[in-house]
Ligand SMILES: [Ca+2]
Ligand SMILES: [Ca+2]
Ligand SMILES: [Ca+2]
Ligand SMILES: [Ca+2]
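Numbering (our numbering), first residue to last: 16 to 464.
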């Protein structure tokens with residue numbers, strides 16, 4: 016066995032400020048558009064469409080060409096999509112109860128993730144981990160379950176008494192809203208979490224009043240907190256273990272999202288609901304969209320923000336913008352042997368990421384001969400070194416090395432026997448000549464045996 020080492024170097028470089036906040040429509044329809052989500056340049060959403068009867072589907076588009084494409088069509092109700100890198104997940108009732116399905120953008124392949132006979136809802140994804148809210152143990156006792164896309168294994172993340180709901184995930188950390196301490200009042204949601212790599216539960220906020228809508232990116236967990244009576248935004252830093260009140264204005268807030276250092280939400284003010292943002296490391300609030308109509312359901316990945324916008328009274332709209340901020344440049348260099356397959360994404364080239372953004376990285380088997388070029392592990396600061404699909408937090412300069420095992424043997428699917436290689440050792444030499452000479456006048460007809 017030979018070991019081929021592919022170097023994948025991720026480097027944060029100099030910071031370049033970006034200016035200008037131009038809004039642009041992503042999708043306009045006379046029918047319902049809901050739950051837009053963004054990862055990289057891909058936006059997905061739920062959309063109703065008329066195919067003789069009204070149906071619900073999951074659609075997507077690439078912001079680089081704005082061409083809409085279907086991800087899941089059909090008579091079933093599909094809802095609540097999420098995506099990370101190449102994989103889209105959503106809840107789907109094609110089997111008469113809610114299940115979780117997935118779709119690989121690069122291949123167009125759909126696959127079931129959980130088809131248990133009870134309801135599974137609100138799926139979220141980061142790297143190779145899909146997490147959802149599951150009611151197989153009781154409708155008033157929802158739990159948090161997960162699925163590893165690489166191993167194909169389903170697992171329980173939290174099955175405490177009471178409802179656990181609204182999960183979010185970033186890398187190895189899952190967070191959710193938890194009612195185990197609520198005693199049926201419905202006014203004491205807490206924030207709990209779970210470290211998937213260490214199989215350990217995390218207590219994030221158990222204040223006696225209501226905490227809800229947790230979101231996570233890297234080391235930052237954020238949520239809406241009602242301990243003061245108003246809806247404030249709090250943060251917990253998983254690294255320093257510190258809780259910080261981020262936004263303590265009295266306005267009504269909904270739909271919290273975070274990527275890297277940037278927290279965004281929908282804020283009710285004099286222009287109906289607006290999309291506002293706050294940069295945690297700069298301690299700075301900034302407006303994203305303050306158009307006079309309602310802006311709701313925001314999502315953010317890196318510096319791309321999208322939302323549902325009601326500025327057109329006749330049609331539904333999904334809008335987007337690129338928020339300003341220092342650009343952390345991530346340079347990826349792939350070193351591979353001449354002729355070896357390049358199956359690491361993001362691919363060779365230069366990519367820009369926001370500070371503290373969580374980036375999916377993927378090393379895949381070479382499709383032509385998956386049993387020869389086999390991913391073994393990552394070296395570097397990744398969430399799970401043994402998973403071919405995982406994440407990395409861009410909180411500093413990073414170097415990541417993908418180690419592939421090259422199990423080439425003579426006669427394998429990428430190294431077939433050569434014509435004239437009579438002893439099947441993948442070389443044509445004097446041994447083959449001698450075999451040929453010895454059999455030169457041999458009878459090969461059946462009657463000679
Ligand atoms: Ca189900
Ligand atoms: Ca439960
Ligand atoms: Ca609480
Ligand atoms: Ca507005």
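We put the CB at the ideal spot given by N, CA and C, even for glycine.
Sorry if obvious, but does the Cβ on residue i come closer than 7 Å to a heavy atom of ligand 4?
i           : result
residue 42  : no
residue 398 : no
residue 151 : no
residue 327 : no
residue 305 : yes
residue 287 : yes
residue 309 : yes
Check whether the Cβ atoms of residue i and residue j lie closer than 8 Å to each other.
i           : j           : result
residue 315 : residue 279 : yes
residue 368 : residue 419 : no
residue 298 : residue 233 : no
residue 92  : residue 138 : no
residue 107 : residue 54  : no
residue 190 : residue 172 : no
residue 239 : residue 220 : no
residue 77  : residue 57  : yes
residue 295 : residue 276 : yes
residue 378 : residue 403 : yes
residue 320 : residue 333 : no
residue 416 : residue 376 : no
residue 60  : residue 74  : yes
residue 110 : residue 136 : no
residue 466 : residue 257 : Because residue 466 is not part of the residues shown, which for the chain are 16 to 464, the question remains open.
residue 217 : residue 241 : no
residue 272 : residue 308 : no
residue 204 : residue 192 : yes
residue 134 : residue 150 : yes
residue 5   : residue 50  : The chain is shown only over 16 to 464; residue 5 falls outside these bounds and no answer can be derived.
residue 116 : residue 87  : yes
residue 195 : residue 177 : yes
Using 7 Å as the cut-off, classify the Cβ of residue i as near or not near the heavy atoms of ligand 3, replying yes or no.
i           : result
residue 201 : no
residue 221 : yes
residue 217 : no
residue 205 : yes
residue 224 : yes
Quick one: is the Cβ of residue i within less than 7 Å of any heavy atom of ligand 2?
i           : result
residue 100 : no
residue 175 : yes
residue 264 : no
residue 157 : yes
In the DSSP assignment, find the beta strand (DSSP E) that holds residue i and state where it starts and stops.
i           : result
residue 420 : 415-421
residue 202 : Looking at the DSSP string, residue 202 is not in any beta strand (DSSP E), and its letter there is neither H nor E.
residue 389 : 388-394
residue 191 : 188-193
residue 172 : 168-173
What does DSSP give as the partner residue(s) for residue i in the beta ladder?
i           : result
residue 182 : In DSSP, residue 182 forms no bridge with anything.
residue 252 : 235, 257
residue 375 : 406
residue 323 : 311, 333
residue 206 : 192, 220
residue 240 : 226, 247
residue 430 : Answer by DSSP bridge pairing: none, since residue 430 is not bridged.
Taking 7 Å as the cut-off, is the C-beta of residue i nearer than that to any heavy atom in ligand 1?
i           : result
residue 180 : no
residue 71  : no
residue 390 : no
residue 113 : yes
residue 301 : no
residue 239 : no
residue 133 : yes
residue 130 : yes
The alpha helix (DSSP H) that contains residue i, what's its start and end?
i           : result
residue 445 : 445-453
Flag residue i as yes if its beta-carbon sits less than 8 Å from any beta-carbon of chain B, otherwise no.
i           : result
residue 441 : Reference to chain B is not applicable here, since this structure consists of a single protein chain.
(message) Threshold first: 3 residues or longer. Then list the beta strand (DSSP E) segments lying entirely within the region 31-80, N to C.
(response) 39-44, 48-54, 57-65, 69-77
(message) Which runs of the beta strand (DSSP E) at least 3 residues long sit entirely within the region 268-302? Give them in chain order.
(response) 268-274, 277-284, 287-294
(request) Only counting runs of 3 or more residues, tell me where the beta strand (DSSP E) segments fall wholly within the region 81-160, in order along the chain. (result) 83-87, 93-99, 102-107, 114-119, 124-129, 135-141, 144-149
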